[in-house]
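Asker: The sequence shown: position 42 = 42 (full-length UniProt numbering), numbered continuously. Glycine included, every Cβ here is placed at the ideal spot set by N, Cα and C. Because the structure is a prediction, the values reported are computed rather than measured.
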Amino acid sequence: MSQLQNKTILITGASQGIGEQVAKAYAAAGATVVLVARHQKKLEKVYDEIAASGGPEPFAICFDLLTAEEAEFDRFAATIAEATGNKLDGIVHCASYFYALSPLDFQTVAEWVNQYRINTVAPMGLTRAFLPLLKESPDASVIFVGESHGEDPRAYWGGFGASKAALNYLCKVAADEWERFPNLRANVLVPGAVNSPQRMKTHPGEAHAERKNYEDIMPDFVWWSSEESKGRSGEIVYL
Numbered sequence: 001m002s003q004l005q006n007k008t009i010l011i012t013g014a015s016q017g018i019g020e021q022v023a024k025a026y027a028a029a030g031a032t033v034v035l036v037a038r039h040q041k042k043l044e045k046v047y048d049e050i051a052a053s054g055g056p057e058p059f060a061i062c063f064d065l066l067t068a069e070e071a072e073f074d075r076f077a078a079t080i081a082e083a084t085g086n087k088l089d090g091i092v093h094c095a096s097y098f099y100a101l102s103p104l105d106f107q108t109v110a111e112w113v114n115q116y117r118i119n120t121v122a123p124m125g126l127t128r129a130f131l132p133l134l135k136e137s138p139d140a141s142v143i144f145v146g147e148s149h150g151e152d153p154r155a156y157w158g159g160f161g162a163s164k165a166a167l168n169y170l171c172k173v174a175a176d177e178w179e180r181f182p183n184l185r186a187n188v189l190v191p192g193a194v195n196s197p198q199r200m201k202t203h204p205g206e207a208h209a210e211r212k213n214y215e216d217i218m219p220d221f222v223w224w225s226s227e228e229s230k231g232r233s234g235e236i237v238y239l
């Protein structure tokens with residue numbers, strides 16, 4: 001599989017869950033992946049597995065999206081640019097912050113702020129910081145990993161659902177602003193019910209058979225980062 005040959009793609013939340021699987025699938029498809037997460041040991045494990053698979057050697061950098069401000073995002077982008085030789089062909093925003101399903105009167109301001117910081121503000125900050133590099137790419141795809149409650153508000157989803165609704169808005173704004181750049185595109189992919197740690201946390205009573213496996217959705221992620229999806233932008237896609 002070589003759909004992503006010669007591409008360099010940054011993936012957040014790459015130490016576990018969907019982010020880890022996206023990183024491995026992209027490496028298998030020929031991409032040089034830049035792994036970003038907070039947990040050093042988990043990140044090193046993913047790095048070692050990708051390196052041992054025989055694909056392009058990845059990069060792995062610990063970075064705390066929860067506390068980063070403009071200066072940190074800009075320095076981070078400069079570090080990646082130096083490491084990759086000023087090359088970046090895409091970002092997949094997989095990092096996600098979730099507490100627990102609860103009524104609004106049990107949710108705190110701090111929980112809302114932290115969920116917005118990771119789920120909405122960090123994707124904006126990273127995308128803004130890396131935009132000069134993305135503009136230089138002949139074909140750059142930015143993918144935001146969404147959640148169905150971002151479009152379908154329901155009881156108990158509170159801050160998480162609201163932050164994912166804001167993520168959809170961010171994507172639409174980026175896609176609209178980038179219309180004059182035919183090499184740039186932004187889309188939201190909604191994985192749905194997948195056997196991921198977060199899904200098991202939000203739906204503990206759901207049977208394993210009711211959920212998709214990672215391998216069921218990885219071809220879609222690869223396609224939306226490949227040149228085959230060029231011209232598709234501003235979409236919210238349910239996998």
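1. Under 9 Å, do Ile80 and Phe59 count as touching if we go by C-beta distance?
2. Using the C-alpha atoms, what's the distance from Gly231 back to Ala122?
3. To the nearest angstrom, report how far apart Pro103 and Pro56 are at their CA atoms.
4. In the DSSP assignment, what are the bridge partners of Leu10?
5. Could you tell me if Glu20 is buried or exposed, where buried requires 16 or more neighbouring beta carbons within 10 angstroms of its beta carbon?
6. For Phe160, is the classification buried or exposed, using 16 other Cβ atoms within 10 angstroms of its Cβ as the cut-off for buried?
7. Considering just the uninterrupted stretch of the beta strand (DSSP E) at Phe59, what are its terminal residues?
8. Around the C-beta of Ser96, are 16 or more other C-beta atoms found within 10 angstroms, so that it is buried, or is it exposed?
9. Considering Ile18, what are the terminal residues of the alpha helix (DSSP H) in which it resides?
10. On the criterion of 16 or more Cβ atoms from any shown chain inside 10 Å, does Leu228 qualify as buried, or is it exposed?
11. Would you mind reading off the limits of the alpha helix (DSSP H) that contains Arg128?
12. Which same chain residues end up closer than 8 Å to Ile11 when comparing Cβ atoms and leaving out the 5 residues on each side of it in sequence?
13. Span of the beta strand (DSSP E) holding Ala193?
14. Can you tell me which of the three DSSP states Leu104 falls into?
15. Apart from the five residues on each side of it in sequence, which residues of its chain come closer than 7 Å, Cβ to Cβ, to Asp139?
16. Kindly indicate which three-state DSSP category Ile212 falls into: helix, strand or coil?
17. List the residues that DSSP assigns as beta-bridge partners of Ile236.
18. Exposed or buried, which one is Pro191 when buried takes at least 16 other CB atoms within 10 Å?
19. Between Glu136 and Asn86, is the Cβ-Cβ spacing less than 9 Å?
20. Look at the alpha carbon of Asp64 and the alpha carbon of Arg38, and state the distance between them as a whole number of angstroms.
21. Can you tell me which of the three DSSP states Ala140 falls into?
22. Within the same chain, show all residues whose beta-carbon is closer than 7 Å to that of Ser141, passing over the 5 residues directly before and after it, in chain order.
23. Just list the residues that DSSP pairs Val145 with in beta bridges.
24. In angstroms with no decimal places, state the Cα-to-Cα distance between Asp176 and Thr127.
25. Just to confirm, is the Cβ distance from Glu179 to Ser233 under 9 Å?
Answerer: Quick answer:
1. yes
2. 25 Å
3. 46 Å
4. Val34 and Ile91
5. buried
6. buried
7. Phe59 to Cys62
8. buried
9. Gly17 to Ala28
10. Looking at the sequence shown, residue 228 is not Leu but Glu. Glu228 should be labelled exposed.
11. Ala122 to Glu136
12. Gly19, Val22, Ala23, Tyr26, Val33, Val34, Leu35, Val36, Ile91, Val92 and Cys94
13. Ala193 -> no beta strand (DSSP E), and no H or E assigned at all.
14. helix
15. Asp89, Asn183, Glu227 and Lys230
16. The amino acid occupying residue 212 in the given sequence is Lys; Ile does not appear at that position. The answer is strand: DSSP assigns Lys212 an E or B state.
17. Val188
18. buried
19. yes
20. 5 Å
21. strand
22. Gly90, Arg185, Trp224, Ser225 and Ser229
23. Leu189
24. 14 Å
25. yes
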